[in-house]
Amino acid sequence: MLKFFGNKVDHPLADPAAVQRVLKELPAQEAAAALDSAAAWCESLVATSEFGLEQRLALVMQLDDAVLAHTRRLARDYLVAPRQTRADEYRLWQINHNYWSALSDAYGDTLRRYGADDKAAAAIKPQLALLCARLLNACGGRLKWQQFRYGPIAPDLWQSAGAAWLAALRAQVANLPVNLYANAGTTTPEAEYLRVLVLYSSSPDNLLPVEIEIAERLIAHLLANFSLTDLARPENVYWVDATKPLPPTRLARIPEITPTLRFYATGSALESLGQLRASIEKRNALPAEINFGAQYSPRLVLQVIEHLALCWSPKPPMRHHERRRIKSRMTVVGRFETICLQLVGKADDDGERAESWVVEDISQGGIGAQVSLVGKEWLRVGSLVAMQPEGGSNWLLGVARRFSRETEALGIVGIETLSKNPAACIADSLGLPTPVVLLDPPQAGASIRVAMSVAAWEEQKRLRVDIGSRSWHLTPGMLSETGAGHVIGECRVETAG
Numbered sequence: 002m003l004k005f006f007g008n009k010v011d012h013p014l015a016d017p018a019a020v021q022r023v024l025k026e027l028p029a030q031e032a033a034a035a036l037d038s039a040a041a042w043c044e045s046l047v048a049t050s051e052f053g054l055e056q057r058l059a060l061v062m063q064l065d066d067a068v069l070a071h072t073r074r075l076a077r078d079y080l081v082a083p084r085q086t087r088a089d090e091y092r093l094w095q096i097n098h099n100y101w102s103a104l105s106d107a108y109g110d111t112l113r114r115y116g117a118d119d120k121a122a123a124a125i126k127p128q129l130a131l132l133c134a135r136l137l138n139a140c141g142g143r144l145k146w147q148q149f150r151y152g153p154i155a156p157d158l159w160q161s162a163g164a165a166w167l168a169a170l171r172a173q174v175a176n177l178p179v180n181l182y183a184n185a186g187t188t189t190p191e192a193e194y195l196r197v198l199v200l201y202s203s204s205p206d207n208l209l210p211v212e213i214e215i216a217e218r219l220i221a222h223l224l225a226n227f228s229l230t231d232l233a234r235p236e237n238v239y240w241v242d243a244t245k246p247l248p249p250t251r252l253a254r255i256p257e258i259t260p261t262l263r264f265y266a267t268g269s270a271l272e273s274l275g276q277l278r279a280s281i282e283k284r285n286a287l288p289a290e291i292n293f294g295a296q297y298s299p300r301l302v303l304q305v306i307e308h309l310a311l312c313w314s315p316k317p318p319m320r321h322h323e324r325r326r327i328k329s330r331m332t333v334v335g336r337f338e339t340i341c342l343q344l345v346g347k348a349d350d351d352g353e354r355a356e357s358w359v360v361e362d363i364s365q366g367g368i369g370a371q372v373s374l375v376g377k378e379w380l381r382v383g384s385l386v387a388m389q390p391e392g393g394s395n396w397l398l399g400v401a402r403r404f405s406r407e408t409e410a411l412g413i414v415g416i417e418t419l420s421k422n423p424a425a426c427i428a429d430s431l432g433l434p435t436p437v438v439l440l441d442p443p444q445a446g447a448s449i450r451v452a453m454s455v456a457a458w459e460e461q462k463r464l465r466v467d468i469g470s471r472s473w474h475l476t477p478g479m480l481s482e483t484g485a486g487h488v489i490g491e492c493r494v495e496t497a498g
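Structure follows, in structure tokens:
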């Protein structure tokens with residue numbers, strides 16, 4: 002982003018005619034260009050002291066309003082529209098993330114100036130609740146877009162959000178209803194703060210971007226079921242200190258008591274979530290009263306509900322298997338087609354597609370690894386990975402269930418082991434060669450798990466596979482999961498004649 006005005010006088014937006022021209026042009030611009038422009042204008046406002054507090058707040062809000070429809074359109078494009086390259090995806094992410102960062106900075110700068118000038122503050126005091134709510138909404142947008150790439154989450158985000166809530170609390174407007182935008186329902190600064198806290202504490206590093214979006218929509222729908230309190234009770238499962246650059250944390254022990262320490266409970270959220278799940282399962286349809294922002298399958302929403310129920314439970318999700326800390330290396334291959342080549346021994350001799358990851362912990366059910374993110378465009382939650390432990394000769398097959406960025410160049414990946422003896426082969430699908438990976442050994446009359454490309458899966462369309470000296474017919478049945486470029490489902494096994 003260009004910081005091209007500094008502290009100069011004669012800021013272009015000091016001219017009312019120029020303001021009207023900009024506000025007229027932004028909604029008519031192409032969405033990505035409009036967000037770039039709005040972000041640059043927000044940065045320019047932070048960089049100058051020319052404006053009075055009332056005028057400054059009005060300008061930031063007008064810029065916010067002018068591109069609101071664009072933010073929604075670009076979010077849909079990022080989540081559901083097809084793109085040719087990961088470079089296109091990153092560019093779209095960068096535009097959105099930069100905008101929400103610039104907007105939250107502009108609102109945060111206005112709030113800081115409000116606290117530093119009591120005389121000027123009187124002019125916008127009636128709008129303080131709206132300023133705090135909009136700042137927290139912008140922090141939420143920034144957090145969500147950072148979570149779409151699994152972090153890292155900048156510490157200043159938590160300080161900015163905490164400062165907004167504390168300012169509203171001190172002015173006794175934390176629970177004052179405001180209309181965030183025109184034609185939007187009412188909210189409060191505290192509700193917006195809770196929305197940010199609950200999204201982070203719902204383990205978005207275990208979700209795909211589209212699932213993060215669904216989770217945010219569900220949280221917004223159930224937000225009235227959450228509450229902030231200064232009391233440390235067993236049902237208050239998370240805590241946050243609004244003055245510290247730290248994210249909310251699950252309550253394992255009582256933290257240092259400070260005046261700005263708060264706990265939050267799920268309240269009746271779990272019960273409401275259970276009722277929502279039962280309703281969707283019964284009707285096999287999504288309730289009309291929840292605005293999901295796009296069309297999603299009931300199955301996908303139910304998966305997110307299941308995830309939220311685990312995160313919001315008073316008892317943290319328990320590991321099925323004990324973890325052991327180790328330090329070793331393993332060879333990793335990603336992408337379904339490349340995995341198939343590796344498992345059948347047809348990978349490149351120079352090992353160009355193989356990567357070396359550092360294993361940090363292992364259990365019977367999976368592996369935690371540290372990975373360099375340079376050139377890892379394929380890696381995301383749901384990615385299929387083939388793994389060969391250091392010194393071993395066999396390959397394991399797993400799927401990335403958790404992904405977080407420690408820095409832009411370093412990530413932590415949690416992998417669930419799906420098979421310790423996967424077998425890849427080329428199946429005959431009515432004369433069409435189809436790569437498949439068998440996660441379980443075939444046995445006549447049994448059902449086994451099979452991975453294949455998304456396009457190749459067709460229920461009840463029989464496949465023929467040759468494993469060693471035996472031939473088998475596989476009939477696809479229930480699909481169990483869809484990942485990044487692959488699906489995994491159950492297949493009924495029959496001996497081929």
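Residue 498 is where the sequence shown ends in our numbering, and the numbering goes up by one at each step.
For every residue, glycine included, the Cβ atom is placed at its ideal position computed from N, Cα and C.
Computed from a prediction, not measured in an experiment: that's the story for all the values here.
State the Cα-Cα distance for the pair G432 and I468, rounded to the nearest angstrom.
-> Numbered from 1 along the sequence shown, position 431 holds the residue referred to as residue 432. Numbered from 1 along the sequence shown, position 467 holds the residue referred to as residue 468. So the two alpha carbons sit approximately 18 Å from each other.
Return yes when the Cβ of L229 is within less than 8 Å of the Cβ of R251, no when it is not.
-> As a first step, residue 251 is located in the sequence shown; it is residue number 250 there, counting from the start. As a first step, residue 229 is located in the sequence shown; it is residue number 228 there, counting from the start. It is not a contact, given that the beta carbons lie outside the stated cut-off.
How about the stretch 82-102 and the stretch 33-46: do they share at least three Cβ pairs that are nearer than 8 Å?
-> Yes, they touch.
Roughly how many angstroms separate the alpha carbons of M479 and T496, rounded to a whole number?
-> Taking the first residue of the sequence shown as 1, we reach residue 479 at position 478. Taking the first residue of the sequence shown as 1, we reach residue 496 at position 495. The straight-line gap from Cα to Cα measures roughly 20 Å.
Own chain, CB closer than 7 Å to T339, minus 5 neighbours either side, in chain order = Here residue 339 is taken as the residue at index 338 of the sequence shown, counted from 1. Short of 7 Å from the beta carbon of T339, and not among the five residues preceding or following it, lie these beta carbons of its own chain, in chain order: R354.
Collapsed DSSP secondary structure at I154 in the structure displayed | The count along the sequence shown starts at 1 and reaches residue 154 at position 153. In the structure shown, I154 sits in coil (DSSP, three-state: anything other than H, G, I, E or B).
Leaving aside the five residues before and after L22 along the sequence, list all residues of the same chain whose C-beta is less than 6 Å from its C-beta, in chain order.
-> Within the sequence shown, residue 22 is the residue found at index 21, counting from 1. Before going further, note that residue 22 is Arg rather than Leu in the sequence given. Cβ within range, chain order: n/a, list empty.
For R196, count neighbouring Cβ atoms within 10 angstroms of its own Cβ and tell me buried if that reaches 16, exposed if not.
-> Numbered from its first residue, the sequence shown carries residue 196 at position 195. So R196 counts as buried.
Where does K462 fall in DSSP's three states?
-> Your numbering for residue 462 matches position 461 in the sequence shown. Reduced to three states, the DSSP call for K462 is coil.
Going by the beta-carbon positions, is the gap between I220 and L247 smaller than 8 Å?
-> For the purposes of this step, residue 220 is taken as residue 219 along the sequence shown, with counting starting at 1. For the purposes of this step, residue 247 is taken as residue 246 along the sequence shown, with counting starting at 1. No. Outside cutoff.
Does the pairing of the stretch 125-133 with the stretch 69-89 give three or more beta-carbon distances under 8 Å?
-> Three or more beta-carbon pairs separated by less than 8 Å are not found between the stretch 125-133 and the stretch 69-89, which leaves the two stretches without contact.
Alpha carbon of F52 to alpha carbon of A15, nearest angstrom = Along the sequence shown, one-based indexing puts residue 52 at 51. Along the sequence shown, one-based indexing puts residue 15 at 14. Their Cα atoms are separated by approximately 8 Å.
Does the beta-carbon of Q343 have 16 or more other beta-carbons within 10 angstroms, so that it is buried, or is it exposed?
-> Within the sequence shown, the letter at position 342 stands for residue 343. That one is buried.
Going by C-alpha distance, which of S38, T418, R493, T261 is nearest W396?
-> For the purposes of this step, residue 396 is taken as the residue at position 395 of the sequence shown. A check of alpha carbon separations from W396 across S38, T418, R493, T261 identifies T418 as the nearest.
By a C-beta neighbour count over all protein chains shown, 10 Å radius and 16 as the cutoff for buried, is Q148 buried or exposed?
-> Here residue 148 corresponds to residue number 147 of the sequence shown, with the count starting at 1. Flag for Q148 reads buried.
Quick one: which unbroken beta strand (DSSP E) runs of 3-plus residues sit fully inside the stretch 406-470? Chain order, please.
-> 411-420, 424-430, 433-439, 448-454, 464-468
Should R406 and W379 be called a contact, given that it needs their Cβ atoms to be closer than 8 Å?
-> The residue you call residue 406 lines up with position 405 of the sequence shown. The residue you call residue 379 lines up with position 378 of the sequence shown. No; because the gap between Cβ atoms is not below 8 Å, this pair is not in contact.
N-terminal and C-terminal residue of the alpha helix (DSSP H) that L247 is part of = Here residue 247 refers to the residue found at position 246 of the sequence shown. Counting along the chain, L247 falls outside any alpha helix (DSSP H), and DSSP gives it neither H nor E.
Meets three-Cβ-pair contact criterion under 8 Å: the stretch 457-464 and the stretch 310-317 = no
Which residue comes first and which comes last in the beta strand (DSSP E) that contains P390?
-> On the sequence shown, residue 390 is found 389 positions in, with the first residue counted as 1. Taken as a continuous stretch (DSSP letters only), the beta strand (DSSP E) holding P390 covers 385-390.
From Y182 to V61, what does the alpha carbon distance come to, in whole angstroms?
-> Here residue 182 refers to the residue found at position 181 of the sequence shown. Here residue 61 refers to the residue found at position 60 of the sequence shown. Rounded to the nearest angstrom, the two C-alpha atoms are 13 Å apart.
Counterpart residues of N180 in DSSP-defined beta bridges = As a first step, residue 180 must be located in the sequence shown, where it is residue number 179. For N180, which the question treats as bridged, DSSP gives the partners T187.
Length-filtered (4 minimum) alpha helix (DSSP H) runs lying within the stretch 275-362 = DSSP assignment within the stretch 275-362 yields the following whole alpha helix (DSSP H) runs of 4 residues or more, N-terminal first: 299-313, 337-344.
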